[in-house]
Amino acid sequence: MAEQGSKQVGVGIIGAGKMGRIHAFNLAKGIPNARLVAVADVVEDSARKLAAEFGVANVFTDYLRLVENREVQAVVISTPTLQKPQIVKFATEVGKHIFCEKPIATTFHDAEQVVKSAQKSPAKFQVGYQRRFDPLHVKVKETIESGEVGSLVLVRSNTRDPLPNQAQWPDLKNSGGIFLDTCTPDYDVVRWFCGSEVNRVEAEGSPRSQPDQHTVITNLSLANGVVAQVDASRMASYGYDVRVEVLGTKGGIFTSPEAAKDIRVLKGSQEGVATYSGYPDRFKDAYRLEMESFVDCILKDADTRTTALDGKAAVEIAAAARKSMQEGKAINLPL
Ligand SMILES: NC(=O)c1ccc[n+]([C@@H]2O[C@H](COP(=O)([O-])OP(=O)(O)OC[C@H]3O[C@@H](n4cnc5c(N)ncnc54)[C@H](O)[C@@H]3O)[C@@H](O)[C@H]2O)c1
Numbered sequence: 000m001a002e003q004g005s006k007q008v009g010v011g012i013i014g015a016g017k018m019g020r021i022h023a024f025n026l027a028k029g030i031p032n033a034r035l036v037a038v039a040d041v042v043e044d045s046a047r048k049l050a051a052e053f054g055v056a057n058v059f060t061d062y063l064r065l066v067e068n069r070e071v072q073a074v075v076i077s078t079p080t081l082q083k084p085q086i087v088k089f090a091t092e093v094g095k096h097i098f099c100e101k102p103i104a105t106t107f108h109d110a111e112q113v114v115k116s117a118q119k120s121p122a123k124f125q126v127g128y129q130r131r132f133d134p135l136h137v138k139v140k141e142t143i144e145s146g147e148v149g150s151l152v153l154v155r156s157n158t159r160d161p162l163p164n165q166a167q168w169p170d171l172k173n174s175g176g177i178f179l180d181t182c183t184p185d186y187d188v189v190r191w192f193c194g195s196e197v198n199r200v201e202a203e204g205s206p207r208s209q210p211d212q213h214t215v216i217t218n219l220s221l222a223n224g225v226v227a228q229v230d231a232s233r234m235a236s237y238g239y240d241v242r243v244e245v246l247g248t249k250g251g252i253f254t255s256p257e258a259a260k261d262i263r264v265l266k267g268s269q270e271g272v273a274t275y276s277g278y279p280d281r282f283k284d285a286y287r288l289e290m291e292s293f294v295d296c297i298l299k300d301a302d303t304r305t306t307a308l309d310g311k312a313a314v315e316i317a318a319a320a321r322k323s324m325q326e327g328k329a330i331n332l333p334l
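308 is the number that numbering that gives the first Met the number 0 gives to position 309 of the sequence shown; each next residue is one higher, with no gaps.
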C-alpha cells in the first residue's frame with residue numbers, strides 16, 4: 000500500500016477537465032495535508048495547462064505512468080465514466096488510494112468489478128458524492144436524525160441543469176445517460192437520508208423514444224417503507240437547481256425556505272434572482288470538504304464516508320430506472 004509516513008498526501012489527478020480543475024484547485028490551494036504532485040490527461044495540452052496553473056512538474060498522457068509515479072500516494076479519477084473501471088483496477092493493483100468521481104461505472108456489471116477491485120486493496124476508496132459533505136444537505140440529515148420531524152415518510156430530491164448548448168450535451172456512451180450521470184447523486188441522497196436500501200424502482204422519461212432523455216422521474220421504494228421521488232432535467236432555463244424535501248410524521252424539511260411559504264416563478268431572463276449557474280458554485284464548499292475528508296481518511300487510516308458499495312448502489316438504481324422506463328414496468332432490486 001502507499002506510504003503514509005509524510006504529513007502531506009501526494010495526489011495525482013487523472014482527467015484534467017472541468018472536475019479535474021476543481022479538485023486540482025482544492026488540493027493545491029485549500030487542503031494543507033495534500034500536495035498536488037501529478038496530472039494526466041490523454042489530451043496533452045489539457046494536462047500541461049492544468050499542471051502549469053498549479054506548478055506541478057509531473058505531466059503524463061498515459062495514466063499508467065501517473066499511477067506508478069513514486070510521489071503519487073492517491074489518485075483522483077475525473078475522466079469520463081466509461082474509463083473509470085480500468086483505471087480503478089490498475090490503481091488498486093498498485094496500491095494507491097482512490098478518489099473516484101461519480102458515478103463509478105456506466106453499467107451495473109462494471110460497478111460490481113469496481114467494488115471487487117476496491118475490496119481487494121487495503122487502500123482507501125471514496126466516491127465523489129459530495130452532497131454528503133454539502134453543509135445544507137448535512138443539516139437536513141442531522142435534522143432527520145434529531146427526530147424533530149418524526150419518522151420519515153417521503154423524500155424528494157432533484158437535479159436540474161441549465162439548458163446546455165449542443166456542444167455541452169453529455170455523450171451517452173461515455174457518461175451512461177441521464178439516469179446515471181445526473182440522478183445517481185440524488186439516489187445516493189435518498190439512501191443516505193433514509194438509512195435504507197432501495198428495493199423497487201419505477202421511472203419515466205422524455206423523450207422516451209430517444210437513446211437519452213432530457214427530463215426523467217424516478218419513483219423509489221425503500222426497504223424501511225419510505226417512498227422517494229427523484230427528478231432530473233437538462234431544461235432548467237433559470238439556472239442550476241438542486242433541492243431536497245423531506246416529509247416526516249411531525250413535520251417537513253425544505254432546503255429552499257420560500258418553498259414552504261409560497262410558489263415562486265423563476266425565468267431565465269429574470270434579474271436579481273439568486274440561482275446558481277452550475278455545480279462549481281453550488282457545491283464549492285462540498286468539493287473542498289469531500290477532498291479534505293478523503294485526505295484525512297488516508298492520514299488517520301479511517302473509513303471513507305462514501306464507499307465503493309455506495310457507488311455500486313447508485314449505479315444499480317440507475318440501471319433499474321432505465322430498464323423500468325424502457326420496459327414500462329417497475330423493477331425490483333437487487334438486480
Ligand atoms: N461530483 C460532481 O458534482 C460532478 C460534476 C460534474 C462531473 N462529474 C463527473 O466528473 C467526471 C469528469 O467530468 P468533467 O465534466 O470534468 O468531464 P471533462 O470532459 O471536462 O473532463 C474529462 C477529462 O478526462 C480526459 N480523459 C479521457 N480519458 C482519459 C484517460 N483514459 N486518461 C486520462 N484522461 C482522460 C479528457 O481528455 C478530459 O480532459 C465525470 O465522471 C462526471 O460524471 C462530477
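C-beta: ideal position from N, C-alpha, C; glycine also. Owing to the predicted nature of the structure, the values given are computational and were not obtained by experimental measurement.
Near residue i, what residues of its chain come up, given a Cβ to Cβ distance below 8 Å and the 5 sequence neighbours on each side ignored?
i      : result
Leu332 : Glu196, Val197, Asn198, Arg199, Val200, Glu315, Ile316, Ala319
Glu375 : Missing from the structure shown is residue 375; the chain here goes from 0 to 334 and no further.
Ala258 : Low confidence applies here, because Ala258 scores a pLDDT of 42, under 50, leaving its location unreliable; read the following figure in that light. Closer than 8 Å at Cβ, skipping near neighbours: Arg242, Glu244.
His213 : Ile177, Ser205, Pro206, Ser232, Arg233, Met234
Val189 : Val154, Ser156, Val197, Leu219, Leu221, Ala227, Val229
Cys193 : Leu151, Val154, Leu221, Asn223, Val225, Ala227
Leu298 : Gln3, Lys6, Val8, Asn32
Using DSSP bridges, identify the partner residues of residue i.
i      : result
Val126 : Cys99
Asn57  : Ala37
Gly278 : Looking at the sequence shown, residue 278 is not Gly but Tyr. Partner(s): none; Tyr278 has no beta bridge.
Val75  : Ile12, Phe98
Gln228 : Arg155, Asn218
Val197 : Leu221
Glu244 : Arg155, Phe253
Asn331 : Arg199
Tyr239 : Tyr275
Gly149 : DSSP, once it has assigned bridges, lists no residue as partnering Gly149.
Ser120 : Answer is none; Ser120 lacks a bridge partner.
Ser323 : Partner(s): none; Ser323 has no beta bridge.
Gly204 : Val215
What's the C-alpha gap between residue i and residue j?
i      : j      : result
Leu306 : Glu141 : It should be noted that the sequence gives Thr, not Leu, for residue 306. Between Thr306 and Glu141, the C-alpha separation is close to 20 Å.
Ile262 : Tyr237 : Low confidence applies here, because Ile262 scores a pLDDT of 48, under 50, leaving its location unreliable; read the following figure in that light. Answer to the nearest angstrom: the Cα atoms are 15 Å apart.
Gly277 : Ile330 : 32 Å
Val38  : Phe59  : 6 Å
Asn68  : Glu326 : 47 Å
Asn157 : Ala104 : 21 Å
Ala15  : Glu144 : 38 Å
Thr248 : Asn223 : 15 Å
Gln209 : Ala73  : 39 Å
Lys375 : Arg131 : Beyond the ends of the chain as shown, which are 0 and 334, falls residue 375; an answer cannot be given.
Val36  : Ile252 : 42 Å
Val93  : Asn57  : 18 Å
Pro161 : Trp168 : 11 Å
Ala23  : Lys328 : 43 Å
Lys115 : Val71  : 23 Å
Lys283 : Gly149 : 31 Å
Lys95  : Asp302 : 15 Å
Gly11  : Glu43  : 15 Å
His183 : Tyr275 : Strictly speaking, residue 183 in this sequence is Thr, with His absent from that position. Each residue's Cα considered, the two are about 20 Å apart.
Asp309 : Gly54  : 34 Å
Ser45  : Thr217 : 36 Å
Gly250 : Arg304 : 28 Å
Val215 : Asn164 : 19 Å
Within a Cβ cutoff of 6 Å, which residues of the same chain sit near residue i, ignoring the five residues on either side of it in sequence?
i      : result
Met18  : Ser77, Glu100
Gly146 : none
His136 : Arg130
Arg159 : Ser232, Ala235, Asp240
Apart from the five residues on each side of it in sequence, which residues of its chain come closer than 7 Å, Cβ to Cβ, to residue i?
i      : result
Val294 : Val8, Ile30, Asn32, Ala33
Gly127 : Phe98, Cys99, Glu100, Lys101, Glu289
Asn25  : Tyr286, Arg287, Met290
Ser255 : Arg242
Phe89  : Leu63, Val66
Val41  : Thr60
Pro279 : Ile21
Ser174 : Pro79, Thr80, Asp180
Ile86  : Ile13, Tyr62, Ile76, Thr78
Trp191 : Arg131, Lys140
Kindly examine ligand 2 and report whether one of its heavy atoms sits closer than 8 Å to the Cβ of residue i.
i      : result
Glu141 : No copy of ligand 2 appears in this structure; the ligands present are ligand 1.
Neighbourhood of ligand 1 [Cβ distance below 6 Å to any heavy atom], ordered by chain position: Ordered along the chain, the selected set is Ile13, Gly14, Ala15, Gly16, Lys17, Met18, Gly19, Ala39, Asp40, Val41, Val42, Ser45, Tyr62, Ser77, Thr78, Pro79, Thr80, Gln82, Glu100, Lys101, Gly127, Gln129, Asp180, Tyr278, Phe282.
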